[in-house]
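Protein chains: 4
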Amino acid sequence: MSGPARPEPGLSPERLAFFTDAIFAIAMTLLAVELGRPDEKELVSVRALGSFLVDRRNSYLAFALAFVLLWSVWRRHHELMDRIGGLSRAFTAWHAPFLLLVAFLPFPTAVIGTSIGNPLAQTLFAGTMAAMVFCEAVIKDIAGNSGLVTGDPAEIHRHAGASWGVGLWFVLSIGAAWLFPYAFVLWFVAPLAATYGGALISRLRTSPAGHPDLRNGDRPRT
Amino acid sequence: MSGPARPEPGLSPERLAFFTDAIFAIAMTLLAVELGRPDEKELVSVRALGSFLVDRRNSYLAFALAFVLLWSVWRRHHELMDRIGGLSRAFTAWHAPFLLLVAFLPFPTAVIGTSIGNPLAQTLFAGTMAAMVFCEAVIKDIAGNSGLVTGDPAEIHRHAGASWGVGLWFVLSIGAAWLFPYAFVLWFVAPLAATYGGALISRLRTSPAGHPDLRNGDRPRT
Amino acid sequence: MSGPARPEPGLSPERLAFFTDAIFAIAMTLLAVELGRPDEKELVSVRALGSFLVDRRNSYLAFALAFVLLWSVWRRHHELMDRIGGLSRAFTAWHAPFLLLVAFLPFPTAVIGTSIGNPLAQTLFAGTMAAMVFCEAVIKDIAGNSGLVTGDPAEIHRHAGASWGVGLWFVLSIGAAWLFPYAFVLWFVAPLAATYGGALISRLRTSPAGHPDLRNGDRPRT
Amino acid sequence: MSGPARPEPGLSPERLAFFTDAIFAIAMTLLAVELGRPDEKELVSVRALGSFLVDRRNSYLAFALAFVLLWSVWRRHHELMDRIGGLSRAFTAWHAPFLLLVAFLPFPTAVIGTSIGNPLAQTLFAGTMAAMVFCEAVIKDIAGNSGLVTGDPAEIHRHAGASWGVGLWFVLSIGAAWLFPYAFVLWFVAPLAATYGGALISRLRTSPAGHPDLRNGDRPRT
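Residue numbers (our numbering), protein chains in the order written: chain L, 1 to 222; chain P, 223 to 444; chain D, 445 to 666; chain H, 667 to 888.
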């Protein structure tokens, strides 16, 4: 609309950015709907309401955790879209599984809110997060490989490396969940995985053996 | 707002596109709210949660199917709006039943998620999808006939033909649902109906007998 | 943003239009969430699901009715905003009760969907609609009186007259609800009230006795 | 996009404003979903529905109160963003707890709607509101201190003072809730706290002892 060439129909970045924002905002607000409402008996006195709230403390923690995780994924998507000059079919198509997992997240959040100690519940939550962040990483790599970015593609690949790092961290936490009941604390330090794991992955990928340009076949450029 | 002539009040494409996006995003995110949450007894152990999740596998499949179907309808609407230079009253009015059916879809999705084998449940879902896609086809034909498109109207009519093809495919699946319990697998190959059925329908319509210009009377042009 | 003078902070029309769109889209999509989902027993056979759907036919009708009513109010708001060049404090403030009633509408819709024959249920629905449409009429009159419109203020006042007509029609239907069980059919012909009642009200108001400029004191102009 | 210098990736004000709008609109519309729907027995007669509605009068009041409070916070955010020329990392980051509390508000609203007389319920609601308004105040102070505003930073600090005033008012109401059952009436006069308390706080802060520039360390300027 404001660029020199009008984008191909269906490939205007503004509308995809808007749609992504809407899905994130709705999913994040629906997280609070999952929180169990007290019934009349649990509201009859300060003590009754107090013990209701204390009993459900894990669901408030799960709400806050999922909200902050989705917020940080949204922020990274915001940064990505601000570097993008146009869309490709593959870039757009990978938003379908990405947003499906965002919309799905309230379900595993409700599950861990009720039974954080259950390893299968932790697997469900960490698996959804890992798959979501892997989709994010693929989207970034496609942007870097297809010449969609306005700046330096190497920077996008570094960001993709950070996303791969966060995703692997969640996969790792799945393994830990079956060994230790408190493995979920690993989720709170996921940002460290972005910083340290991301730097490691980026170094591995820029070495000849793992050249990122060889991965996604959507209009690659050297 | 940015074109040479300001559109008539109520006919600015941006706001209709935005409203459509919002309805789609909300309906797609609400699909996940339909998924039954496990109660405390079903969360007590890995085995209990595991059998809960396996029991409900159809509702996760229904969620993913409805999400992907709505995503593809939204993508086609995005492409349509990028070809549109203005709105007509009829074009806008047909969005009311179209969006009503989008908003309604979480209901049949919940129904098939619980009883996919029930032919009436399949009829409800496929009927809603067929009606939604027929509305989409009418909207495209109106755009082509009313001179709203900026490019070649014949291309919009080809797209409308693909939509009619997908809609007829869903109608066909209703008939099949009463004969075979697994007729719903037809829904997963609906994109093929767009490609092959759409080409067939477009050929039939461009023959003299089924000329598309004779259909919708909203400012037709030759 | 695009006009010659930047609007006063908090009075940019785009963001108010957007916020209104979002509230309408969410309320309209949530209408479908109100529809009772069948439980497993009601899904066991075609007959069971069929009688479930037939029993609830009123709630599907109520969903469609409320969706179409909200759509038409949204369309009129879209037309209004396309005629507006700026906002005033009063114009914006009246959106608070207006949008509150839009957000509230799913509640009376659920109530009439379950007991359309109950006169109090009809009163609740028609009263919410009447109050919403009266707010719409006040907003239009403020726009006309405060010089916010880019075209002819008299046209906005005619539109306001139509809104007052629709609102009075809903008030009238409340009276009828206590006399006849099927008074709700009056709601389906509300558009006629806009056309005929609106013309009548506009004529009364432009006569010296009911001059519209004397009503809302927010920067009146002659 | 329209300014002379393109903002740094992830720091375009439009998308943050949009995201904030979406969260507010969804939270405000979901408030009405909290309202308990009458079951069939409560709909059987005018008397039954009447006593149902009268019994729940507090939840309608809570809905209207929370809607109006969120509306006024949204309006102030709208005014703030219209004064902003760019974003900083701290300004954006403080939106995470701010919007988390907005999304959370439907939960305490449901709680006070059922048991307004319970002091712990009032504490939960007033505490959420206080924390939300404090976040708003911090966001405004950051905007003033970091040179993000296009006009006079002193005006933003006066607005921040009003927000601190409203927040303190809610904190005060928590204390009152444990002494008087009707302390919640203080919430209805919160706007007075913005006017009078805000003026007081602004005067205290501009005195040498409480200089606002010493507070937030995000790119301070004199």
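The C-beta atom is built at its ideal place from N, Cα and C for all residues, glycine as well. Small disclaimer: the values here were computed from a predicted structure and weren't measured.
Item                                                                                                                                                                       : Value
If you measure beta-carbon to beta-carbon, which residues of the segment 137 to 162 of chain L are closer than 7 angstroms to chain H?                                     : none
Could you tell me whether the segment 581 to 593 of chain D touches the segment 739 to 752 of chain H, using the rule of 3 or more Cβ pairs below 8 angstroms?             : no
Interface residues of chain L around P/D243 at Cβ under 8 angstroms?                                                                                                       : R15, F18, F19, A22
Looking at chain P, which residues of the segment 95 to 117 of chain L have a Cβ within less than 7 angstroms of any of its Cβ atoms?                                      : A96, L100, A103, F104, P106, F107, A110, V111, T114, S115
Quick one: Cα of D/L568 to Cα of H/A759, how far?                                                                                                                          : 43 angstroms
Pick out whichever of H/R749, H/G702, H/R723 has its Cα sitting closest to the Cα of H/G817.                                                                               : H/R749
Tell me where the alpha helix (DSSP H) around D/D499 begins and ends.                                                                                                      : 490 to 499
Can you find the residues in the same chain that come closer than 7 angstroms, C-beta to C-beta, to D/T558, ignoring five residues on each side of it along the sequence?  : S503
Could you tell me if D/R649 is buried or exposed, where buried requires 16 or more neighbouring beta carbons within 10 angstroms of its beta carbon?                       : buried
Cβ closer than 7 angstroms: which chain D residues qualify as neighbours of H/T695?                                                                                        : I467, I470, A471, L474, A547
Name the residues in the segment 171 to 188 of chain L whose C-beta lies less than 7 angstroms from a C-beta of chain P; which are they?                                   : none
So what's L/I23 in DSSP terms, helix, strand or just coil?                                                                                                                 : helix
Please decide whether L/P38 counts as near chain P, where near means a Cβ-Cβ distance under 9 angstroms.                                                                   : no
Does the Cβ of L/F18 have 16 or more other Cβ atoms within 10 Å, making it buried, or fewer, making it exposed?                                                            : buried
Output the distance between the C-alpha atoms of P/H300 and D/T473, rounded to the nearest integer angstrom.                                                               : 20 angstroms
Measure from the C-beta of D/G680 to each C-beta in chain H and report whether the shortest distance is under 9 angstroms.                                                 : The question about residue 680 of chain D has no answer, for chain D in this structure spans 445 to 666.
Would you mind telling me which residues of chain D sit closer than 8 angstroms to H/G716, beta carbon to beta carbon, in chain order?                                     : L564
In terms of alpha-carbon separation, which member of H/L731, H/V851, H/S829, H/E821 lies closest to H/G783?                                                                : H/V851
Check whether chain P comes within 9 angstroms of L/V44, counting only Cβ atoms and requiring the distance to be less than that.                                           : no
Output needed for H/C801: all residues of its chain with C-beta closer than 7 angstroms, excluding positions within five of it in sequence on either side, in chain order. : W760, P763, F764, L767
Can you pull out the residues from the segment 499 to 512 of chain D whose beta carbon lies closer than 8 angstroms to at least one beta carbon of chain P?                : F507, A508, F511, V512
With a cut-off of 8 angstroms on the beta carbons, I'd call P/P341 and P/A384 a contact; round off their distance for me.                                                  : The Cβ separation is near 27 angstroms, so there is no contact.
Measure the alpha-carbon distance for P/A254 versus L/R15 and round it to whole angstroms.                                                                                 : 23 angstroms
CA-CA distance, H/A820 and D/A574?                                                                                                                                         : 44 angstroms
Judging by CA-CA distance, which residue of D/G530, D/H603, D/A634, D/I600 is the nearest neighbour of D/L616?                                                             : D/A634
Span of the alpha helix (DSSP H) holding D/D585?                                                                                                                           : 563 to 589
Which residues of chain P have a Cβ atom closer than 9 angstroms to the Cβ of L/G239, listed in chain order?                                                               : The structure shown does not extend to residue 239 of chain L, since chain L spans only 1 to 222, so no value can be given for it.
Less than 9 angstroms between CB atoms is the rule here; does H/V739 satisfy it with respect to chain D?                                                                   : no
So, using beta-carbon positions, are L/I174 and L/A126 closer together than 9 angstroms?                                                                                   : yes
Determine, using beta carbons only, whether L/S12 and L/L87 come nearer to each other than 9 angstroms.                                                                    : yes
Name the chain H residues that come within less than 7 angstroms of L/L35, Cβ to Cβ?                                                                                       : F773
Got a sec: is the Cβ-Cβ distance from P/S310 to anything in chain D below 9 angstroms?                                                                                     : no
For P/E230, which residues in chain B fall below 7 angstroms Cβ to Cβ?                                                                                                     : Within the model displayed, chain B is absent; protein chains L, P, D and H are what it includes.
Taking only beta-carbon atoms, is H/L719 less than 9 angstroms away from chain D?                                                                                          : yes
Closer than 9 angstroms, Cβ to any Cβ of chain L: which residues of the segment 857 to 873 of chain H, in chain order?                                                     : none
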